[in-house]
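Visitor: Mapping of the sequence shown onto our numbering: position 49 corresponds to residue 57, and the numbering continues sequentially without gaps. One structure is given below, represented as structure tokens, and several questions about it will come after.
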Amino acid sequence: MSQSSLHDSIHTDPNSPEVLKQNVQIALDHVARIQSLARNCLHGIQSAYQAGNSPAHTTGKYAIMLFYNSELATLMQALRTLAEFLRQTGVGAYPMPPAPESRSASSIPPTEQQLIDTTAREVQVLYERLKRIQESNTVAVNLLGAADTVSRAR
Numbered sequence: 009m010s011q012s013s014l015h016d017s018i019h020t021d022p023n024s025p026e027v028l029k030q031n032v033q034i035a036l037d038h039v040a041r042i043q044s045l046a047r048n049c050l051h052g053i054q055s056a057y058q059a060g061n062s063p064a065h066t067t068g069k070y071a072i073m074l075f076y077n078s079e080l081a082t083l084m085q086a087l088r089t090l091a092e093f094l095r096q097t098g099v100g101a102y103p104m105p106p107a108p109e110s111r112s113a114s115s116i117p118p119t120e121q122q123l124i125d126t127t128a129r130e131v132q133v134l135y136e137r138l139k140r141i142q143e144s145n146t147v148a149v150n151l152l153g154a155a156d157t158v159s160r161a162r
């Protein structure tokens, strides 16, 4: 296999690390755009209801309502686009750690061993719960069977 065909197959493989990195970067760009749109919407809503800012005194309340509705519609469309992108690329299935500047001690992702330990504890709890349910069912069946045997004997 030639070097160029190997290079091309890496770029066309949707599961390659390079494609994942590109998709994560595209997702982050979408998120930045959504943050900007959300800030614009929030600023517009806040300024529309500040003292002295009456929508009727500016360009007309219906024009302002239409403007904010279109801003909100753009934001909603951007959210839908991001959700669809995350679904199509599979990037949405991966945990996305917060940006480095917003990390706190509680937002550090767990290690693989911590995930294994947590999963093992959860499986054990579910197993014990199922075992108790089965034991309770056995007792109920035995009681019903004993009651049925007593009633037939009479």
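Don't be surprised by glycine CBs; every beta carbon is placed ideally from N, CA and C. If you're wondering where the values come from, they're calculated on a predicted model, not measured in any experiment.
Given this structure, state the Cα-to-Cα distance separating Y102 from L80, to the nearest angstrom.
Guide: Approximately 28 Å between the Cα atoms of the pair.
Visitor: Are the beta-carbon atoms of L45 and T82 separated by less than 8 Å?
Guide: Yes. Within cutoff.
Visitor: Specify the secondary structure class of T119 as computed by DSSP and reduced to three states.
Guide: Looking at T119 - three-state DSSP - the assignment turns out to be coil, as it is neither helix nor strand.
Visitor: One question on the structure: do S86 and R47 come within less than 8 Å of each other, judged by their Cβ atoms?
Guide: Note that residue 86 is Ala in the sequence shown here, rather than Ser. No.
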